[in-house]
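Residue numbering for the sequence shown follows this note's numbering, starting at 1498 and increasing by one per position. C-beta: ideal position from N, C-alpha, C; glycine also. Everything on this sheet refers to the single structure shown next.
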Amino acid sequence: MKVQNVICTTNGTLPLQIAIKTLDLRGEIITTPFSYVATTSSIVWEGCKPVFVDIHPGYLTIDETKIESAVTERTSAILATHVFGNPCEVETINKIAQKYNLKVIYDAAHAFNVIYKDQSIFSYGNISICSFHATKIFHTAEGGAMFTNDIDLYNRLFYHHNFGHKDIESFQGLGINAKMSELQAAMGLSVLPYFAQIVQARKAVVDLYNENLQYANLQLFKLRPLTKWNYSYYPVVFKDETQLLKVKLALESEQIFPRRYFYPVLNTLPYVNSKTCPIAERIANTILCLPLFVGMSKSDQVKIIEIILANV
């Protein structure tokens, strides 16, 4: 269940860039349009081209059945996101990667403590990254990490994130400064002892949402089977954008602020040239993440539920 090697970093974006650099990726990288912008911007920043594959309408992760048809002679890797901590179909992705000699990077920014098929979600792929931003279930105020089970890859990731140092007086290769600071580490160490309580408190919020919204005219989060989830987000999908905006406005009028996440869809970014991804575009226009945090009162949550039910 444990991952062999972890490197803590100053944020969750630099690990994506370092992973692309360390794996020496070139040309095209197959990726998802439904993720935070860092997934795509890191590919472009490192001189590669993102090739978008549409998402599964239920799990919201990259649709593994559409990946192989996107592979070309220029494809070097697959960069997929475990959306809201929901695992990708990692076995199929691994088979495709092996067939075409591709590398696999997982953006697991939301997936701290997620277990899939009795293994840490970070154990899949060549490299996984995580974010420890203040909005995440475990945080270091700002921070992140890289994970790999390959010791040689770990050594290269390490010197890349530490100026290229081999030791204090010599250099092994090219590097930048992506090290986690002492202050960030101290914040993480102050949060970690309470992590089990954090998960339990968030589970109670999720359970109450599920109990009251399961019969509403909404698409609720569909978790991939055999997943031990971390209760990181509570997304709901409305029948159309008009309904979403109506609910959002009603909540905001009561000083309740949900988030359109992920929005806008990444294949529409101004610095990419991509075909349409109809499922991801529909989901991005109709999905809303409801408030979910430790210390959330039941009365506040009931108020949110009542506003939603009155407007759908």
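request  = Please specify which runs of the alpha helix (DSSP H), each continuous and at least 4 residues long, are wholly inside the segment 1678-1765, giving them in chain order.
outcome  = DSSP runs (the alpha helix (DSSP H)) wholly in the segment 1678-1765: 1679-1688, 1692-1710, 1738-1749.
query = Where do the ends of the alpha helix (DSSP H) carrying T1632 lie?
reply = First-last for T1632: undefined, no H or E at that position.
task = Identify which residue in A1682, F1660, G1582 has its Cα closest to the Cα of G1878.
result = Here the chain covers residues 1498 to 1809 and nothing more, so residue 1878 does not appear.
key: Top-ranked residue by Cα proximity to V1541, from N1646, A1701, Q1514   = Q1514
key: Span of the beta strand (DSSP E), counted from its first residue to its last, around D1664   = 1662-1664 is the extent of the beta strand (DSSP E) around D1664.
request  = Label F1735 either buried or exposed according to how many other C-beta atoms from any shown protein chain fall within 10 Å of its C-beta, with 16 as the threshold for buried.
outcome  = That one is buried.
message = Whether or not the segment 1689-1705 and the segment 1586-1593 are in contact is what I'm after, with contact meaning three or more pairs of Cβ atoms, one per stretch, closer than 8 Å; do they touch?
response = no
query = Would the beta-carbon of L1654 fall within 9 Å of that of A1567?
reply = no
task = Following the continuous alpha helix (DSSP H) through D1797, name the residue where it begins and the one where it ends.
result = 1795-1808
query = Terminal residues of the continuous alpha helix (DSSP H) containing Y1597?
reply = 1587-1597
message = Taking DSSP's pairing of strands, which residues face A1642 in a bridge?
response = C1505, C1627
message = Three or more C-beta pairs under 8 Å: does that hold for the segment 1526-1542 against the segment 1669-1683?
response = no
task = Return the first residue and the last residue of the alpha helix (DSSP H) that K1676 is part of.
result = Where K1676 is concerned, there is no enclosing alpha helix (DSSP H), given that its DSSP letter is neither H nor E.
ask   = Does DSSP put E1570 in a helix, in a strand, or in coil?
value = coil
inquiry  = According to DSSP, is A1777 part of a helix, a strand, or is it coil?
reply    = Here A1777 sits in helix by DSSP.
query = Does DSSP put V1534 in a helix, in a strand, or in coil?
reply = helix
request  = Would you please state the rounded distance, in angstroms, between the beta carbons of I1612 and K1499? I believe it to be under 8 Å.
outcome  = Rounded, the Cβ-Cβ distance is 11 Å, inconsistent with contact.
query = Going straight from the alpha carbon of M1684 to that of E1570, what length do you get?
reply = 45 Å
ask   = Span of the alpha helix (DSSP H) holding F1655?
value = 1648-1658
message = By the three-class DSSP mapping on this structure, what secondary structure does A1608 have?
response = coil
query = Would you report the Cα separation of E1525 and N1652, rounded to the nearest angstrom?
reply = 25 Å
query = Hey, F1644 and N1610: beta-carbon distance below 9 Å or not?
reply = The answer is no: Cβ separation not under 9 Å.
request  = Grab the span of the beta strand (DSSP E) containing K1546 for me, first residue to last.
outcome  = Run containing K1546: 1546-1549, per the beta strand (DSSP E) assignment.
query = Mapping DSSP to helix, strand and coil, what is I1618?
reply = Helix.
message = When you compare the CB positions of N1583 and V1601, do they come within less than 9 Å of one another, or not?
response = no
query = Under a Cβ-count criterion, where at least 16 other Cβ atoms within 10 Å of its own Cβ denotes burial, should L1789 be classed as buried or exposed?
reply = buried
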